[in-house]
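Chains as they are written, first to last, in our numbering: chain A, 132 to 392; chain B, 58 to 446.
In what follows, a single structure is set out as structure tokens and then discussed.
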Amino acid sequence: MDDKQLERYSRHILLPEIDLAGQEKLLDSQVLLIGLGGLGSPAALYLASSGIGRIIVNDHDSVDLGNLQRQVIHTTLDLSRPKTESARDHLHAINPGLDIDVIGHRLTATELAHYASQVDVVIDASDNFITRYAINHACVATRTPLVWGAATRFDGQATTFRNDYEEAPCLNCLYPNQHAQDAMGSCGDNGVFAPVTGIIGGIMAAETLKLLLGVGITLHGRLLRIDATALEWRQSLFTRDPLCESCSPPRQAPPSRADAK
Amino acid sequence: MKAKDRRLAELRDAIPEVSPEEALALSHNGAALLDVRDTDEVAQGSPVGAYRLGRGFLELRIEDMVPDLDRTLLVMCAGGVRSLFAAESLKRLGYKDVRSVGGGFSRWKNQGKPFEIPRILDAEARERYSRHLLMPDVGEAGQLKLLDSKVLLIGAGGLGSPAAYYLAAAGVGTIGLVDHDVVDRSNLQRQILHTDARVGMPKVESARVALEALNPGIEVIGHRTHLDSTNVEEILSGYDVIVDGTDNLATRFLINDACVKLGKPNVHAAVYRFEGQITVFWPTYDKQHGNCYRCMFPEPPPPEFAPSCAEAGVLGVMPGIFGLLQAIEAIKILLDLGDPLVGRMLHYDALSGRFTELKVKKNPHCRYCSEGAVFPGYQDYAQVCASNA
Ligand SMILES: [Zn+2]
Ligand SMILES: [Zn+2]
């Protein structure tokens, strides 16, 4: 690390749980962030400011005016630009030293598995179920840890799927396909309170940092939910469904890059 | 006879018509006057006190406005034709007494009945805030309220960055920022308002660039100063909600004292290493439980007990999470929505991934906020070190 980097990350290096070694680890880490909307905006900004060395950002949309009520990574000057480009510019502006790779199309199942196997953590900040299950499938298959969140109206939720563990539950264990749509509406239909997406994105960034640093206890097997009207947080526990269509029988594939660390 | 005219004749038979005079009298007696014209027509004027709901969303939203199916509905359009179609649809929905205002708004206006130019969001604002307009708890009235609101952020650093971003995105009309510092490279690990190219620029200026790029429709006011006993009241008195994101203990007391004196809600947060806490100090919100900072800490600690002046480490995203929670509380207070964190302190430990809530008690003998307390005046304490945000 050069002097500028030591200065930039000084508040991390002062923490014994991170220190120089931890910051080096972050700089050597790679994540795939899918979705640059309400959840992805704050997650990306904080992962970049924290010094994650390589961030692959994926979104096939372009910026529209209705996004700017909560998607703070974009600006009014970015209207109709691809979200990936707008995000890359902002991330480079706050931290020019990072590798920001952009993928501006919807990833196929094969591509998802390919990128998931390359990175330490996948962050699902998407806004629809088809994508969420496709990401889950790729992360289960490649045994990549998956940080997950969702928000609608005044409610938000987040968890972490430890696909690198032997017996970890997956998204389909938590929300079996057919029930998922009922459990969470989308913010396009129902509206969303701007900062609720922000707080969930922030929790997702914290989970990612913990996974990369190997500190603390992740939300493995725990679903954290916020009701913003009362500002109350609740936690519910969940376990693997032995009959889950997505993750049973238990994983055979070798763990991805994260486990090797 | 055209199909349209045949249909109109049927509707005229089925829907009772009232004159503007009768409509005004009925509305004084509890009937609901409903203006079903389009947004651009309403913008030119609409009866005082009317519910405004265009025909496009009439059936979907009317029950949010008029839940009582027994209440008389007086439907008005521009000339008294569209109101007949709307009235019929409302009858089918189950409203028992629905009438049409004959001659519509043009006759209402010509006969000198009271109308107003309502404040409404323009087309661009409707699109920008569409995700708020979809929520009945916010809606157009709530969004207009936010645009009329003023929030002061003290500190444009770790907590102030996300708070300012989300208040600006949500459309809080005026955002004030108090900060004396310039952007330093070591800030960029967590203070997402600022960029590498703006190192060395005053933080309030850097913040203005970021916030105006996100939302040019709001006003950003920079106060590049330190708060002290001579300016605190003047600066704070222009705002509806105060968000305390300061890293300075002496300033924290000053903000508290001014907020208590002025009766302003004080959304307070602090972060340290992997944890943080947030509460709302607002004695006048809830006389029984509403407390102030001095209920917990009557005076700053003596120097020998003050925390170290050395900079403390902090996980980059911690001030992010707490600044966001501050934004949530500030907007809830502005919209008078839900329960603010008054008398409650929320604590989050990122390492365990747990949120816990503690009750905080009002000190019945607090010199500042207790019943009948006489304001003791502002104190300029010497620099007392605290953990940095
Ligand atoms: Zn499963
Ligand atoms: Zn008090």
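Think of the CB as a built atom: it goes at the ideal place given N, C-alpha and C, for glycine as much as any other residue.
Residue 395 of chain B touches chain A at which residues, Cβ-Cβ below 8 Å?
By 1-based counting over the second sequence, the position of residue 395 of chain B is 338. Those are 285, 359, 360, 361 and 362, listed as they occur along chain A.
What does the alpha-carbon distance come out to for the pair residue 101 of chain B and residue 70 of chain B?
Stepping through the second sequence from its first residue, residue 101 of chain B is reached at position 44. Stepping through the second sequence from its first residue, residue 70 of chain B is reached at position 13. So the two alpha carbons sit approximately 31 Å from each other.
Within 10 angstroms of the Cβ of residue 392 of chain A, are there 16 or more other Cβ atoms? Answer buried if so, exposed if not.
For the purposes of this step, residue 392 of chain A is identified with residue 261 of the first sequence, where counting begins at 1. Its pLDDT being 39, under 50, residue 392 of chain A is placed unreliably in this model, and the value from its coordinates should be taken loosely. With fewer than 16 Cβ atoms within 10 Å of its Cβ, residue 392 of chain A is classed as exposed.
Chain B beta carbons: is any one of them nearer than 8 Å to that of residue 140 of chain A?
Start at 1 with the first residue of the first sequence, and residue 140 of chain A comes out as number 9. Chain B contact via Cβ: present.
Where does residue 339 of chain B fall in DSSP's three states?
Numbered from 1 along the second sequence, position 282 holds the residue referred to as residue 339 of chain B. In this structure, residue 339 of chain B counts as coil in the three-state DSSP scheme.
At the 8 Å Cβ level, is residue 201 of chain A part of the contact set with chain B, yes or no?
Reading the first sequence from its first residue, position 70 is the one you call residue 201 of chain A. Judged by the 8 Å Cβ criterion, residue 201 of chain A is in contact with chain B.
Should residue 309 of chain B be counted as a contact of ligand 2 given a C-beta to heavy atom distance under 7 Å?
Along the second sequence, one-based indexing puts residue 309 of chain B at 252. Residue 309 of chain B: no, Cβ never under 7 Å from ligand 2.
Does residue 444 of chain B come out as helix, strand or coil in the three-state DSSP assignment?
By 1-based counting over the second sequence, the position of residue 444 of chain B is 387. At residue 444 of chain B, the pLDDT of 45 sits below 50, so the modelled position is not reliable; the number obtained from the coordinates is stated separately. Coil at residue 444 of chain B, not helix or strand.
Is the CB of residue 252 of chain B under 8 Å away from at least one CB in chain A?
As a working note, residue 252 of chain B is residue 195 in the second sequence. Cβ-Cβ to chain A under 8 Å: yes for residue 252 of chain B.
Between residue 281 of chain A and chain C, is any beta-carbon pair separated by less than 8 Å?
Looking for chain C here will not work: the only protein chains present are A and B.
Would you please state the rounded distance, in angstroms, between the beta carbons of residue 234 of chain B and residue 221 of chain B? I believe it to be under 8 Å.
Your numbering for residue 234 of chain B matches position 177 in the second sequence. Your numbering for residue 221 of chain B matches position 164 in the second sequence. Right, their Cβ atoms sit about 7 Å apart.
Give me, in chain order, the residues of the same chain whose beta-carbon lies closer than 6 Å to that of residue 173 of chain A; leave out the 5 immediate sequence neighbours on both sides.
As a working note, residue 173 of chain A is residue 42 in the first sequence. Cβ within range, chain order: 329, 332 and 333.
Report the residues of the stretch 219 to 243 of chain A with a CB closer than 8 Å to any CB of chain B, ordered along the chain.
Those residues of the stretch 219 to 243 of chain A that come within reach of chain B (Cβ to Cβ, closer than 8 Å) are 224, 225, 226 and 227.
Is residue 300 of chain A helix, strand or coil when you go by DSSP?
For the purposes of this step, residue 300 of chain A is identified with residue 169 of the first sequence, where counting begins at 1. Coil at residue 300 of chain A, not helix or strand.
What are the boundary residues of the alpha helix (DSSP H) that includes residue 146 of chain B?
The residue you call residue 146 of chain B lines up with position 89 of the second sequence. Element bounds for residue 146 of chain B: 139 to 150.
Does the beta-carbon distance from residue 385 of chain B to residue 322 of chain B come in below 8 Å?
As a working mapping, residue 385 of chain B is identified with position 328 in the second sequence. As a working mapping, residue 322 of chain B is identified with position 265 in the second sequence. Cβ atoms of residue 385 of chain B and residue 322 of chain B: not closer than 8 Å.
Check whether the Cβ of residue 426 of chain B lies closer than 7 Å to any heavy atom of ligand 4, and answer yes or no.
Ligands in the displayed structure: ligand 1 and ligand 2; ligand 4 is not one of them.
Look at the Cβ atom of residue 357 of chain B, then the Cβ atom of residue 216 of chain B, and state whether they are nearer than 8 Å.
Here residue 357 of chain B is taken as the residue at index 300 of the second sequence, counted from 1. Here residue 216 of chain B is taken as the residue at index 159 of the second sequence, counted from 1. Cβ atoms of residue 357 of chain B and residue 216 of chain B: not closer than 8 Å.
Short of 8 Å in beta carbon distance, which residues of its chain neighbour residue 108 of chain B, apart from the five on each side in sequence? Order them along the chain.
Against the second sequence, residue 108 of chain B aligns to sequence position 51. Excluding residues within five positions, the ones whose Cβ falls inside 8 Å are 89, 90, 91, 92, 122 and 123.
In or out: residue 230 of chain A buried (at least 16 other Cβ within 10 Å) or exposed?
Within the first sequence, the letter at position 99 stands for residue 230 of chain A. Exposed.
For residue 436 of chain B, does the count of other Cβ atoms within 10 angstroms reach 16, so buried, or fall short, so exposed?
Here the question's residue 436 of chain B lines up with position 379 in the second sequence. Flag for residue 436 of chain B reads exposed.
Run the proximity test for residue 183 of chain B: is its beta-carbon closer than 7 Å to any non-hydrogen atom belonging to ligand 2?
Position 126 of the second sequence, counted from the start, is the residue given in the question as residue 183 of chain B. Residue 183 of chain B: no, Cβ never under 7 Å from ligand 2.
For a contact meaning CB atoms closer than 8 Å, what does residue 189 of chain B contact in chain A?
Within the second sequence, residue 189 of chain B is the residue found at index 132, counting from 1. By Cβ distance, chain A contributes 200, 322, 324 and 325.
How far does the alpha helix (DSSP H) with residue 331 of chain A in it reach, from first residue to last?
Against the first sequence, residue 331 of chain A aligns to sequence position 200. Element bounds for residue 331 of chain A: 325 to 344.
Looking at the strands, I want to know which residues DSSP matches up with residue 287 of chain A.
As a working note, residue 287 of chain A is residue 156 in the first sequence. A/282 and A/357.
Which ranges does the beta strand (DSSP E) cover as unbroken runs of at least 3 residues, wholly within the stretch 231 to 268 of chain A, from first to last along the chain?
Taking only runs of at least 3 residues, the beta strand (DSSP E) segments lying wholly in the stretch 231 to 268 of chain A are 252 to 255.
Is residue 340 of chain B near ligand 2, with its Cβ less than 7 Å from a heavy atom?
Residue numbering aside, residue 340 of chain B sits at position 283 when the second sequence is read from its first letter. Answer for residue 340 of chain B: yes, Cβ within range of ligand 2.
Within the 8 Å Cβ cut-off, does residue 389 of chain A reach chain B?
Taking the first sequence and counting its residues from 1, one reaches residue 389 of chain A at position 258. Confidence at residue 389 of chain A is low in this model, with a pLDDT of 47, below 50, so its placement is unreliable and the value that follows should be read with caution. Closer than 8 Å: no.
Mapping the DSSP letters down to three states, classify residue 171 of chain B as helix, strand or coil.
In the second sequence, counting from the first residue as 1, residue 171 of chain B sits at position 114. If DSSP states are grouped into helix, strand and coil, residue 171 of chain B belongs with coil.
Figure out for me which residue from B/60, B/180, B/173 and B/132 has the closest Cα to the Cα of residue 159 of chain B.
Start at 1 with the first residue of the second sequence, and residue 159 of chain B comes out as number 102. Nearest option by C-alpha distance: B/132.
Ignoring anything shorter than 3 residues or poking outside the stretch 201 to 264 of chain B, list the beta strand (DSSP E) runs there in chain order.
Taking only runs of at least 3 residues, the beta strand (DSSP E) segments lying wholly in the stretch 201 to 264 of chain B are 207 to 211 and 231 to 235.
Does at least one heavy atom of ligand 2 sit under 7 Å from the Cβ of residue 351 of chain B?
Along the second sequence, read from residue 1 onward, the residue named residue 351 of chain B stands at position 294. Yes, ligand 2 has a heavy atom inside 7 Å of this Cβ.
Would you report the Cα separation of residue 445 of chain B and residue 128 of chain B, rounded to the nearest angstrom?
The residue you call residue 445 of chain B lines up with position 388 of the second sequence. The residue you call residue 128 of chain B lines up with position 71 of the second sequence. Reliability fails at residue 445 of chain B, whose pLDDT of 43 lies under 50, so the model's placement of it is uncertain and the value that follows must be treated cautiously. If I take the Cα positions, the gap works out to 58 Å.
If you compare alpha carbons, which of B/354, B/244 and B/144 is closest to residue 111 of chain B?
Within the second sequence, numbered from 1, the residue matching residue 111 of chain B stands at position 54. That would be B/144, whose Cα lies nearest to the Cα of residue 111 of chain B.
Mind listing the chain B neighbours of residue 346 of chain A? Cutoff is C-beta to C-beta under 7 Å, in chain order.
Indexing the first sequence from 1 puts residue 346 of chain A at position 215. Chain B residues near residue 346 of chain A: 408.
Which whole-angstrom value describes the C-beta separation of residue 400 of chain B and residue 346 of chain B, a residue pair presumed to lie in contact below a C-beta threshold of 8 Å?
In the second sequence, the residue the question calls residue 400 of chain B occupies position 343. In the second sequence, the residue the question calls residue 346 of chain B occupies position 289. Contact holds; Cβ gap of about 3 Å.
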